[in-house]
Amino acid sequence: MSFVLPGELVPAQHVNLKLGPGLLQVSDVKNGSVMSTRAGELKHTANNREWWIEGNSRRYVPAPQESVIGVVIARSGEGWRVDIGSAHFASLDGLAFEGATKRSRPNLKVGSVLYARVSLAHKDMEPELECFDAQTRKAEGFGELKGGFLVRCSLQMSRMLLDQSHFLLPLLGARFPLEVAIGLNGRVWVSTKEPKYTIAVSRCIEAVDPDGGGMDERAAKKFLATLDI
Amino acid sequence: MSTRHKRLDGRANDEMRPISIVYEALDRVDGSAKFGFGQTVSLASLSGPLEVRTALESPSHATLEISVRPLASLPGTNSRALATTLKAVLGPSLLLTHHPRTLVQIVGQALCGSDSGGGLGGTGRGWNASLVASLVNACSAALINAGSVPMKGVVCAVAVGRLSDGPGVHAMVLDPSEAELPALVGGGCFVFMFSSVLPHAEETADVTHAALLWTNYTATSGVFEDSEFAEAQELALEGAGRIWRTFKDSISKHGVQEVEKTKAEKPSRQSSPEIDDDKMEI
Numbered sequence: 045m046s047f048v049l050p051g052e053l054v055p056a057q058h059v060n061l062k063l064g065p066g067l068l069q070v071s072d073v074k075n076g077s078v079m080s081t082r083a084g085e086l087k088h089t090a091n092n093r094e095w096w097i098e099g100n101s102r103r104y105v106p107a108p109q110e111s112v113i114g115v116v117i118a119r120s121g122e123g124w125r126v127d128i129g130s131a132h133f134a135s136l137d138g139l140a141f142e143g144a145t146k147r148s149r150p151n152l153k154v155g156s157v158l159y160a161r162v163s164l165a166h167k168d169m170e171p172e173l174e175c176f177d178a179q180t181r182k183a184e185g186f187g188e189l190k191g192g193f194l195v196r197c198s199l200q201m202s203r204m205l206l207d208q209s210h211f212l213l214p215l216l217g218a219r220f221p222l223e224v225a226i227g228l229n230g231r232v233w234v235s236t237k238e239p240k241y242t243i244a245v246s247r248c249i250e251a252v253d254p255d256g257g258g259m260d261e262r263a264a265k266k267f268l269a270t271l272d273i
Numbered sequence: 011m012s013t014r015h016k017r018l019d020g021r022a023n024d025e026m027r028p029i030s031i032v033y034e035a036l037d038r039v040d041g042s043a044k045f046g047f048g049q050t051v052s053l054a055s056l057s058g059p060l061e062v063r064t065a066l067e068s069p070s071h072a073t074l075e076i077s078v079r080p081l082a083s084l085p086g087t088n089s090r091a092l093a094t095t096l097k098a099v100l101g102p103s104l105l106l107t108h109h110p111r112t113l114v115q116i117v118g119q120a121l122c123g124s125d126s127g128g129g130l131g132g133t134g135r136g137w138n139a140s141l142v143a144s145l146v147n148a149c150s151a152a153l154i155n156a157g158s159v160p161m162k163g164v165v166c167a168v169a170v171g172r173l174s175d176g177p178g179v180h181a182m183v184l185d186p187s188e189a190e191l192p193a194l195v196g197g198g199c200f201v202f203m204f205s206s207v208l209p210h211a212e213e214t215a216d217v218t219h220a221a222l223l224w225t226n227y228t229a230t231s232g233v234f235e236d237s238e239f240a241e242a243q244e245l246a247l248e249g250a251g252r253i254w255r256t257f258k259d260s261i262s263k264h265g266v267q268e269v270e271k272t273k274a275e276k277p278s279r280q281s282s283p284e285i286d287d288d289k290m291e292i
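Protein sequence lines correspond, in order, to chains R and S. Using my numbering, the first residue of the first sequence is number 45, and each one after it goes up by one. Using my numbering, the first residue of the second sequence is number 11, and each one after it goes up by one.
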């Protein structure tokens with residue numbers, strides 16, 4: 045439980061050291077060479093091999109192999125420009141879908157919601173997306189998301205929702221049938237049969253979000269009981 | 011020659027007013043914070059890295075855009091000058107090369123300051139040293155809160171003043187309040203950066219290395235000695251170190267609200283305070 049400010053040296057030492065988000069290797073420093081670049085809780089794996097800073101943020105910075113939810117904003121040549129919440133718009137090629145050929149391309153319109161994987165994310169280039177799994181080259185859930193509703197949350201909340209052991213989605217799923225797609229860029233797509241269920245999901249996500257509310261399981265259950273479902 | 015001077019509010023020479031840091035969670039920005047030395051409070055918000063228009067775009071680093079607003083009336087020359095200072099002071103603490111062709115936008119707002127925002131606060135009007143210090147600290151806190159722009163250090167600022175009780179009797183005091191300003195014969199704001207990657211830095215107590223980035227120390231007589239300046243800098247460094255430690259406490263507690271020693275000791279574990287929309291009319 046050690047909290048660090050940016051600019052502090054971190055005692056990360058290992059033969060095969062792996063630095064995660066928030067840590068940077070700096071040269072020509074007297075003692076140790078790993079510095080934190082953001083504020084948060086310093087965490088590491090049991091064998092001290094992987095170190096990272098656990099913090100919250102609202103602005104998404106693309107990283108490769110992350111699943112994100114994007115909204116198509118324009119056609120560009122053979123593909124589309126997609127808004128994933130980062131500083132630059134991402135580009136999605138027309139052939140980056142399972143079973144797409146030059147003759148049969150998916151029919152995406154401006155405003156369509158997609159679940160995609162970031163295939164290229166470099167600071168000097170525009171991010172690129174793909175709608176199939178990297179290893180199997182099959183859709184595996186990526187592609188267009190039809191209908192539904194988009195909920196915004198903080199980045200730490202989307203990581204929590206993706207965690208299998210988090211309480212919120214099973215709690216909601218036990219009450220009503222629910223389809224959800226979680227993007228690591230702070231966006232969650234929700235699809236339910238009735239608007240009141242969608243509103244309940246949206247309000248619960250806002251309430252449990254550490255950025256505003258930060259309710260635990262008991263408080264969330266009580267809150268859910270006050271909603272009319 | 012510094013003697014233990016009797017201050018208007020009974021503080022010691024090296025005692026600051028209670029510090030409050032509140033992470034505001036403003037709606038349409040990525041990070042925001044309010045920093046106060048007692049009643050001298052500033053608010054800052056940060057957004058970034060975001061899309062930048064081509065005119066401001068830079069291919070090798072993020073563009074830092076800062077705007078400063080006084081409490082009343084439109085931003086004038088002083089606000090513009092302060093924004094330039096803030097850019098010079100916050101720029102070195104950020105790793106802007108990690109996000110080329112983007113924009114990092116900071117907006118600073120004074121939440122106190124009588125009359126118009128005019129003047130650099132000689133008689134307590136407008137931007138006095140404590141208000142400038144609270145603005146710099148609010149920007150640092152907003153950067154810490156956002157967590158999206160990588161930083162290589164934390165910038166902390168504090169104001170120092172030189173009180174005079176008569177000819178030959180002076181004392182250097184930390185964090186002069188608005189009421190003490192008319193009695194000062196010298197003073198200014200000192201801005202330090204705390205980082206472990208500074209080339210020439212001194213170590214203070216148990217905090218990371220610090221280096222002086224900027225100061226606007228002046229003497230009303232127009233002349234001051236090296237020893238006076240060194241004394242002011244040393245006192246300011248000590249105060250800034252305490253502010254750095256308060257920043258560190260605030261990340262685990264989601265904000266800090268120190269209470270004055272005269273009141274009963276409340277636990278400082280306090281998230282955002284009650285919303286007082288009636289009091290704030292901005």
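Glycine residues also receive a C-beta, built at the ideal position from the N, C-alpha and C atoms. Being a predicted model, the structure only gives us computed values, none of them experimental.
Once the 5 residues before and after S:Lys271 are set aside, which same chain residues still bring their CB inside 6 angstroms of it?
For the purposes of this step, residue 271 of chain S is taken as residue 261 along the second sequence, with counting starting at 1. The predicted model places S:Lys271 with a pLDDT of 49, which falls under 50 and marks its position as unreliable, so this point remains unresolved.
Members of the segment 160-182 of chain R that neighbour chain S once the beta carbon cut-off is set at 9 angstroms
Residues are counted here when their Cβ sits less than 9 angstroms from a Cβ of chain S; for the segment 160-182 of chain R these are Lys167, Asp168, given in chain order.
Burial state of R:Pro227, where buried means 16 or more other Cβ atoms lie within 10 Å
Locating residue 227 of chain R in the first sequence gives position 183, counting from the first residue. A small correction: the amino acid at residue 227 of chain R is Gly; Pro does not occupy that position in the sequence shown. Around the CB of R:Gly227, 16 or more other CB atoms lie within 10 Å, so the residue is classed as buried.
In terms of DSSP beta bridges, what is S:Cys149 paired with?
Here residue 149 of chain S refers to the residue found at position 139 when the second sequence is read from its first residue. Answer is none; S:Cys149 lacks a bridge partner.
Alpha carbon of R:Ser156 to alpha carbon of S:Pro69, nearest angstrom
Residue numbering aside, residue 156 of chain R sits at position 112 when the first sequence is read from its first letter. Residue numbering aside, residue 69 of chain S sits at position 59 when the second sequence is read from its first letter. If I take the Cα positions, the gap works out to 31 angstroms.
Would you list the residues sitting across from R:Asp127 in a DSSP beta bridge?
Counting from 1 along the first sequence, the entry for residue 127 of chain R is found at position 83. The secondary-structure analysis by DSSP pairs R:Asp127 across a beta bridge with R:Val115.
Can you tell me the Cβ-Cβ gap for R:Ser80 and R:Pro50, rounded? I've got them flagged as a contact below 8 angstroms.
Along the first sequence, one-based indexing puts residue 80 of chain R at 36. Along the first sequence, one-based indexing puts residue 50 of chain R at 6. Indeed, because the Cβ distance is near 6 angstroms, the residues count as touching under 8 angstroms.
If you measure between the beta carbons of S:Gly251 and S:Asn226, is that distance less than 7 angstroms?
Locating residue 251 of chain S in the second sequence gives position 241, where the first residue counts as 1. Locating residue 226 of chain S in the second sequence gives position 216, where the first residue counts as 1. No. Outside cutoff.
Pick from S:Leu74, S:Lys258, S:Val117: whose alpha carbon is nearest that of R:Phe47?
To locate residue 47 of chain R, count along the first sequence from 1; it is residue 3. Checked all of S:Leu74, S:Lys258, S:Val117; the closest Cα to R:Phe47 is S:Lys258.
For R:Arg247, the first and last residue of its enclosing alpha helix (DSSP H):
Position 203 of the first sequence, counted from the start, is the residue given in the question as residue 247 of chain R. Taken as a continuous stretch (DSSP letters only), the alpha helix (DSSP H) holding R:Arg247 covers 239-252.
Any beta carbon from chain S within less than 7 angstroms of R:Ala134's own beta carbon?
The residue given as residue 134 of chain R occupies position 90 in the first sequence. So no, R:Ala134 is outside the interface.
So who's on the other strand from R:Arg231, going by DSSP bridges?
Counting from 1 along the first sequence, the entry for residue 231 of chain R is found at position 187. As computed with DSSP, R:Arg231 is found in a beta bridge with R:Arg196, R:Gly227.
Under the three-state reduction of DSSP, which class applies to R:Ala140: helix, strand or coil?
Within the first sequence, the letter at position 96 stands for residue 140 of chain R. Strand at R:Ala140.
Does the separation of the CB atoms of S:Glu188 and S:Pro28 fall below 7 angstroms?
Taking the second sequence and counting its residues from 1, the one referred to as residue 188 of chain S is at position 178. Taking the second sequence and counting its residues from 1, the one referred to as residue 28 of chain S is at position 18. Not a contact, by the Cβ cut-off of 7 angstroms.
Select from S:Leu223, S:Pro160, S:Met182 the residue whose C-alpha is nearest the C-alpha of R:Gly84.
Here the question's residue 84 of chain R lines up with position 40 in the first sequence. Nearest C-alpha to R:Gly84: S:Pro160.
List, in order along the chain, the chain S residues whose C-beta lies closer than 7 angstroms to that of R:Phe141?
As a first step, residue 141 of chain R must be located in the first sequence, where it is residue number 97. Those do not exist, as R:Phe141 stays about 27 angstroms from chain S at its closest Cβ, beyond 7 angstroms.
7 angstroms Cβ shell around S:Ala246 - same chain, five flanking residues per side excluded
By one-based count along the second sequence, residue 246 of chain S stands at place 236. Around S:Ala246: Val168, Val170, Phe200.
Please report the Cβ distance between R:Ile243 and R:Val232, rounded to the nearest whole angstrom; I am assuming they are in contact, meaning their Cβ atoms lie under 8 angstroms.
Counting from 1 along the first sequence, the entry for residue 243 of chain R is found at position 199. Counting from 1 along the first sequence, the entry for residue 232 of chain R is found at position 188. About 14 angstroms separates the Cβ atoms of R:Ile243 and R:Val232, ruling out a contact at the 8 angstroms cut-off.
Measuring CB atoms only, is the segment 45-63 of chain S touching the segment 144-158 of chain S, in the sense that at least three cross pairs come out at less than 8 angstroms?
The segment 45-63 of chain S is in contact with the segment 144-158 of chain S.
If you drop the 5 nearest sequence neighbours on each side, which residues of the same chain put their C-beta closer than 6 angstroms to that of R:Asp253?
For this step, residue 253 of chain R is matched to residue 209 along the first sequence. Within the same chain, R:Asp253 has close Cβ partners Cys197, Ser198, Met201.
Using a Cβ cut-off of 7 angstroms (strictly closer), state whether S:Met161 contacts chain R.
One-based indexing of the second sequence puts residue 161 of chain S at position 151. For S:Met161, the closest Cβ of chain R is nearer than 7 angstroms.
Given S:Arg90 as reference, the closest of S:Leu100, S:Ala65, S:Arg79, S:Ser83 once Cα atoms are compared:
By one-based count along the second sequence, residue 90 of chain S stands at place 80. Comparing Cα-Cα distances from S:Arg90 to each of S:Leu100, S:Ala65, S:Arg79, S:Ser83, the minimum goes to S:Arg79.
Could you tell me the distance, in whole angstroms, from the CA atom of R:Trp95 to the CA atom of S:Leu194?
Here residue 95 of chain R corresponds to residue number 51 of the first sequence, with the count starting at 1. Here residue 194 of chain S corresponds to residue number 184 of the second sequence, with the count starting at 1. Approximately 50 angstroms between the Cα atoms of the pair.
Buried or exposed for R:Ile273, please, with buried defined as at least 16 other CB atoms from any protein chain shown within 10 angstroms of its CB.
Locating residue 273 of chain R in the first sequence gives position 229, where the first residue counts as 1. Under this definition R:Ile273 is an exposed residue.
Could you give the distance in angstroms between the alpha-carbon of S:Phe239 and the alpha-carbon of S:Arg17?
Here residue 239 of chain S refers to the residue found at position 229 when the second sequence is read from its first residue. Here residue 17 of chain S refers to the residue found at position 7 when the second sequence is read from its first residue. Going from the Cα of S:Phe239 to the Cα of S:Arg17 covers about 21 angstroms.
Output, in chain order, the set of chain S residues within a Cβ distance shorter than 8 angstroms of R:Phe47.
Counting from 1 along the first sequence, the entry for residue 47 of chain R is found at position 3. Counting only Cβ-Cβ distances below 8 angstroms, R:Phe47 has contacts in chain S at Lys258, Ile261, Ser262, in chain order.
Kindly list, in the order they appear in chain R, the residues whose Cβ is closer than 7 angstroms to that of S:Ala35.
Position 25 of the second sequence holds residue 35 of chain S. Result: Asp255, Gly256.
Could you compute how far the alpha carbon of S:Ala229 sits from the alpha carbon of R:Ala56?
If you number the second sequence from 1, residue 229 of chain S lands on position 219. If you number the first sequence from 1, residue 56 of chain R lands on position 12. Rounded to the nearest angstrom, the two C-alpha atoms are 47 angstroms apart.
To be precise: take each residue of the segment 86-116 of chain R, compare its Cβ to all Cβ atoms of chain S, and keep it if any distance is under 7 angstroms. Which residues remain?
Legend: CB atoms of the segment 86-116 of chain R lying less than 7 angstroms from CB atoms of chain S belong to residues Gly99, Asn100, Ser101, Arg102, Arg103, Val105.
Under 7 angstroms, CB to CB, which of the residues in the segment 84-108 of chain S have a partner in chain R?
For the segment 84-108 of chain S, the beta-carbon criterion of a distance under 7 angstroms to any beta-carbon of chain R is satisfied by Leu105, His108.
How would you write the range of the beta strand (DSSP E) that R:Pro214 sits in, first residue to last?
Mapped onto the first sequence, residue 214 of chain R falls at position 170. No beta strand (DSSP E) holds R:Pro214; the alpha helix (DSSP H) holding it covers 212-217.
Taking the DSSP output, what are the residues bridged to S:Ile253?
Taking the first residue of the second sequence as position 1, residue 253 of chain S is located at position 243. Note: S:Ile253 sits in no beta bridge, so no partner.
Listed in chain order, which residues of the segment 47-67 of chain R have Cβ atoms closer than 9 angstroms to some Cβ of chain A?
Although the question refers to chain A, the structure presented lacks it and instead comprises the protein chains R and S.
Cβ pair S:Asp40, R:Arg82 closer than 7 angstroms:
As a first step, residue 40 of chain S is located in the second sequence; it is residue number 30 there, counting from the start. As a first step, residue 82 of chain R is located in the first sequence; it is residue number 38 there, counting from the start. No, the Cβ-Cβ distance between S:Asp40 and R:Arg82 is not below 7 angstroms.
Please report how far the alpha carbon of S:Ser30 lies from the alpha carbon of S:Gly163, in whole angstroms.
Locating residue 30 of chain S in the second sequence gives position 20, counting from the first residue. Locating residue 163 of chain S in the second sequence gives position 153, counting from the first residue. A direct Cα-Cα distance of roughly 21 angstroms separates S:Ser30 from S:Gly163.
Quick check on S:Lys276: does DSSP put it in helix, strand or coil?
Here residue 276 of chain S refers to the residue found at position 266 when the second sequence is read from its first residue. Low per-residue confidence applies at S:Lys276: pLDDT is 40, beneath 50, and the placement is therefore not dependable, though the value from the model is reported in the following sentence. In the structure shown, the three-state DSSP call for S:Lys276 is coil.
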